[in-house]
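Residue numbers (this note's numbering), protein chains in the order written: chain Z, 184 to 577; chain G, 1469 to 1974.
We put the beta carbon where it would ideally sit given N, CA and C, even for glycine.
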Amino acid sequence: MVLNDIKKAVRQNIRDYGMYIALVVIIGIFTITTHGLFISSRNIANLMNQTGYIAVLAVGMTLVIIIRHIDLSVGFLSGFLGAIAAIGMVQWHLPWYLSILVVFVLGTIAGIITAFLVAKLGIPSFVASLAGWLIYRGALLLVTLQTGTIIIPDDTFNAISNGYIPDIFPKLTIIPGVHKLTLLLGVFAIAFYVLGDISGRKKKQAYGFEVLPFDMYVVKLVFISIVLAAITWVLAGYNGLSWTLVVVLIVVMIYHFIMNRTVLGRHIYAVGGNPEAAELSGISVKKITYIVFGSMGLLSALSGILYASRLQSATTTAGSLFELDSIAAAYIGGVSAAGGVGKVANSLIGAIVYMSLTSGMNLMQTDISWQYIVRGAVLAIAVIFDVTTRKTKA
Amino acid sequence: MDTPILEMKNITKIFPGVKALSDVTFAVRQGEIHCLVGENGAGKSTLMKVLSGVYPHGEYTGEIIMEGRSQAFRHIADSEKVGIAIIYQELALVPDMTIFENIELGHEIAKHGLVELNESIKQATEMLKRVRLDVNPSTKVKELGVGKQQLVEIAKALSRHVKLLILDEPTASLNEDDCDNLLAILKDLQKEGVTSILISHKLKEVIRIADTVTVLRDGMTVVTLDAHKGEVSEAVLIKHMVGREIEDIYPKRSQAPGEDIVLEVSDWSAVQPSTGKKVLDGMNFKLRKGEIIGFAGLMGSGRTELARSLFGNPDNYKLAGKLTMKGKERKFSNPRAAIKAGLAYATEDRKGNGLVLIQDVKFNTTLANLGAVARRGVVDFNNEVKIANEYKDNLRIKTPSVDQLVGNLSGGNQQKVSVAKWLFAAPDILILDEPTRGIDVGAKFEIYTIMNALVAKGMSIIMISSELPEVLGMSDRIYTVSSGRITGELPVAEATQEKIMRLATS
């Protein structure tokens, strides 16, 4: 009985779950082909650190694509701002936090400039951001012209993409080799999720709205709790939660909240769904365009910081192809180029799927030529899946 | 004339959760003009989509027989091959291509892959002659008005040797001259042997032109009437369409409008910045509390431009003149400011710029006043659903739930969602631009009833409409508009259709 209900629910929501299923399948395949190496705590921790700088871009790109635009400049903007962060610390002797702050401000301004071209002057975003792509690429080369690669000496800065959260009980010996704080946070997350969801359900019932049948509801709670517990266990098996993952999770949570719960998020979806109707409903399409591109610039800065921190240096080629990787991640995550459709949480999963392919094939020592072909095929399959499931629903 | 060109037998089409067509039988005789009428959601468009192959064979049950042969259309190209052409309300022309390019689109006259330009133009000219359209076939389609574009569509169908021409509400967006012209052309084509199926909500026009009328209701054939036997009248059609008799389709108002003037517009002019064209020229009018004023005028007379220029001027016209609301002179720099001041504008083009079709009913209901269901910028979902349900019940929006996508609703229900959206913004003045275009009699009556309830509560309404009976039936006062000027003001007691028409064309 319950099983049938689950089957029905899965069939109805295949679009939403498709990507998660794909992720599980990909992880399964790589786990088998690498004899378990892929799923090892150490590799997963590494994978998350590699995904970080693409994931934050994919989050911002999701919003840009929702409002029917594109931003090609983000890759080299991220590289350029990473270099500025390095220069700030090395040449201007700024402390790491000031350096980051400067870069955040610059990134936001860069995004607003693109928005100005798009919203105020009516230049297609493809062209406006292609100009940005060229300019930031040049700017990156310019600032690294004399020094070449800039080595970043600041340990705190470098820890952002290489370090892990400290363990509060390092001496505790009950579960050796496992990161206790990560476990604790995992337990908190599960408790938070379960309690929050139960209270949401109660509120709905108080309003007299329809809710999932009780048995189905319990199955859902238990299933998601198990998934969260498994993820926690894997992460706790190595050094625990990495700072990158903390940053990415916070970013995704904030954006998820904005897009789903706030007036601003609603207005972004409205502008994407029908800009003219939005304008005539009193929503300023221009303002939304500025906010979305501004946030894209800010996230480009964050991506640049994560990448520079990961390499512990600023290089002349930093940011190459980030824009296309993040666009691919967003599309794998199910955003629609027609506008108005897309979820940031799914774009994060899209980014993880995309980077898993790289990580898994690297472990398998697959030649780079095949890596590109496989990644392309997965992108195509994801979009085909998206388009066909959308058709049957309409 | 008695042999059927088309028979559709026992057609049943089921969408997930909805039986859109249930055992419909429909026959069209050779050479007749057959009108298909029914309320929105009665299944007319679905039936035509089954016929033209949009819903392929296998997705419905039943049989289609065209000229004595059973047909199984897989897609539109199949139905085109046997001579069926369908023209939708939303025209399917490429605006930046010329008339002749559009006419032959997909069937280019070519030799070895090279287009035979002269031959193309010659054939297009012949087709244009048949639809009485006297324009150069090398004109771009976007330079034509809607009425002429429609004729180009028909010419395109003729060029494919159409035997059965289906028109889905062709006159909904046409003014009266264009309507008359279109109906005359259908008669001409009838003489040439083309059979037509016409879907329309305008019953007068149905009575004028139909040989046979079939009424659909709730996905079933109610009746087929023969006009030549005197079976067809407006009252009979309405009775069959709604399943009950509506005595007066314009409900009476009990109260007279108040005395306070809530809106006064004086010497209002607008110039389009790109072309320098004066779209509005020295307009003066007032609106009282609890009053409905009607703006009558032909398409392109400046009615919609007036509404948009008042409502925050999103087209960036250069404006001159004075706008006074509740005694205060106002200047709105964008629609948001206008909404804040208590103005609302339900657009004429619901799908294009009124609603977000890919979002659900509740999203659209709260869109113009989302702050009211939010605390510190965070939307209260439960409250939102509650409010959307209240509007759904009050306005009798027919939808399984407020989570339904607006794009899946019928035209009348979309219009109600659009009205709900503006009611939730709690305006003092509501501008309704063609509030009942393309919606059926039952839904019209409901919209009129809602309008009366609103003015009874003290709201004031500006109604823009091309339908003169509606303007006469609903307004307290009527202004006529022609080429950007107000050409007359009539209290409803003195107004007649003839007077309005004369002023609107002056």
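Assigned exposure category for residue i - 16 Cβ within 10 Å defines buried
i	result
LEU1976(G)	Within the shown structure, residues of chain G are numbered from 1469 to 1974, placing residue 1976(G) beyond reach of any answer.
ALA143(Z)	Residue 143(Z) is absent from the structure shown; chain Z starts at 184 and stops at 577.
ILE204(Z)	exposed
THR1964(G)	exposed
ASN1478(G)	exposed
PHE397(Z)	exposed
ALA1972(G)	buried
SER1777(G)	buried
TRP275(Z)	exposed
ASN1837(G)	buried
GLY360(Z)	exposed
MET1476(G)	buried
ALA565(Z)	buried
LEU1585(G)	exposed
ARG558(Z)	buried
LYS1624(G)	buried
Interface flag, residue i vs chain G, CB-CB below 8 Å
i	result
LYS385(Z)	no
LEU432(Z)	no
TYR203(Z)	no
GLY477(Z)	no
SER312(Z)	no
LEU447(Z)	yes
LEU562(Z)	no
ARG225(Z)	no
SER464(Z)	yes
SER467(Z)	yes
ARG444(Z)	yes
GLY523(Z)	yes
Reference residue i; option with closest CA among the options
i	options	result
SER308(Z)	LYS354(Z), ILE248(Z), PRO349(Z)	ILE248(Z)
GLN1954(G)	LYS1754(G), THR1792(G), ILE1865(G), LEU1900(G)	Here residue 1954(G) is Ile; the residue named in the question, Gln, does not match the sequence. Minimum Cα distance to ILE1954(G) is reached at LYS1754(G).
TRP1890(G)	SER1943(G), ILE1855(G), LEU1835(G), THR1867(G)	LEU1835(G)
LEU206(Z)	GLY516(Z), ALA461(Z), ILE306(Z)	GLY516(Z)
ILE1519(G)	ILE1555(G), LYS1487(G), TYR1859(G)	The question names Ile, but residue 1519(G) in the sequence shown is Leu. Taking only the C-alpha atoms, the option nearest LEU1519(G) is ILE1555(G).
GLY1768(G)	ASN1821(G), LEU1684(G), GLY1613(G)	GLY1613(G)
SER408(Z)	VAL377(Z), SER261(Z), ARG444(Z)	VAL377(Z)
LYS1796(G)	THR1639(G), VAL1505(G), GLU1584(G), GLU1732(G)	GLU1732(G)
VAL1700(G)	VAL1681(G), TYR1718(G), THR1689(G)	VAL1681(G)
LEU482(Z)	PHE287(Z), ILE253(Z), THR234(Z), ALA298(Z)	PHE287(Z)
VAL1960(G)	ASP1944(G), LYS1967(G), ALA1888(G)	ASP1944(G)
PHE1779(G)	LEU1898(G), ASP1848(G), MET1709(G), PHE1568(G)	LEU1898(G)
VAL466(Z)	SER344(Z), HIS450(Z), ILE351(Z), GLY456(Z)	Reading off the sequence, residue 466(Z) comes out as Ile, not Val. ILE466(Z) has its Cα closest to that of HIS450(Z), out of SER344(Z), HIS450(Z), ILE351(Z), GLY456(Z).
Any non-hydrogen atom of the ligand SAH closer than 7 Å to residue i Cβ
i	result
GLY523(Z)	The model depicted lacks the ligand SAH and carries no ligand whatsoever.
CB-CB length for residue i against residue j, believed under 8 Å
i	j	result
GLN1882(G)	VAL1874(G)	6 Å
SER425(Z)	ALA228(Z)	6 Å
ILE1622(G)	ILE1653(G)	7 Å
GLY265(Z)	ALA501(Z)	5 Å
Minimum Cβ-Cβ distance from residue i to chain Z less than 8 Å
i	result
GLN1827(G)	yes
ARG1804(G)	yes
THR1815(G)	yes
LEU1823(G)	yes
LYS1610(G)	no
ILE1544(G)	no
VAL1847(G)	yes
ALA1836(G)	yes
PRO1563(G)	no
Proximal residues of chain A, C-beta to C-beta of residue i below 8 Å
i	result
GLY379(Z)	No chain A appears in this structure, whose protein chains are Z and G.
### Message
Quick check: the segment 324-334 of chain Z against the segment 260-269 of chain Z, are at least 3 beta-carbon pairs closer than 8 Å?
### Response
Here the segment 260-269 of chain Z lies against the segment 324-334 of chain Z, with 3 or more beta-carbon pairs under 8 Å apart.
### Query
Below 8 Å, can you find three or more Cβ-Cβ pairs linking the segment 523-533 of chain Z to the segment 230-244 of chain Z?
Because the criterion of three Cβ pairs below 8 Å is met, the segment 523-533 of chain Z and the segment 230-244 of chain Z touch.
### Task
Kindly confirm or deny that the segment 1626-1638 of chain G and the segment 1752-1771 of chain G touch, where touching means at least three C-beta pairs closer than 8 Å.
No, the segment 1626-1638 of chain G does not touch the segment 1752-1771 of chain G.
### Stretch-stretch touch, CB-based, cutoff 8 Å, three pairs: the segment 496-506 of chain Z with the segment 331-338 of chain Z
Taking 8 Å as the limit for Cβ pairs, the verdict is that the segment 331-338 of chain Z does touch the segment 496-506 of chain Z.
### Message
Under 8 Å, with one C-beta from each stretch per pair, do the segment 1522-1541 of chain G and the segment 1604-1619 of chain G reach the 3-pair mark?
### Response
With a cut-off of 8 Å, the segment 1604-1619 of chain G and the segment 1522-1541 of chain G do not count as touching, because too few Cβ pairs lie within range.
### Message
Using 8 Å as the cut-off, can you tell me whether the segment 220-234 of chain Z makes contact with the segment 538-554 of chain Z, which would need three or more C-beta pairs spanning the two stretches below that distance?
### Response
Yes, the segment 220-234 of chain Z touches the segment 538-554 of chain Z.
### Query
Counting Cβ pairs, one atom from each stretch, are 3 or more of them under 8 Å apart for the segment 1837-1849 of chain G and the segment 1860-1874 of chain G?
No contact exists between the segment 1837-1849 of chain G and the segment 1860-1874 of chain G.
### Message
Check whether the segment 1911-1925 of chain G and the segment 1740-1752 of chain G are in contact - that is, three or more C-beta pairs closer than 8 Å.
### Response
When C-beta atoms of the segment 1911-1925 of chain G are compared with those of the segment 1740-1752 of chain G, fewer than three pairs fall below 8 Å, so the two segments do not count as touching.
### Task
Specify whether the segment 312-321 of chain Z and the segment 256-264 of chain Z touch according to this definition: at least 3 beta carbon pairs, one from each stretch, less than 8 Å apart.
Segments in contact, yes.
### Query
If you pair each beta-carbon of the segment 1855-1864 of chain G with each one of the segment 1812-1819 of chain G, do three or more pairs fall below 8 Å?
The segment 1855-1864 of chain G is not in contact with the segment 1812-1819 of chain G.
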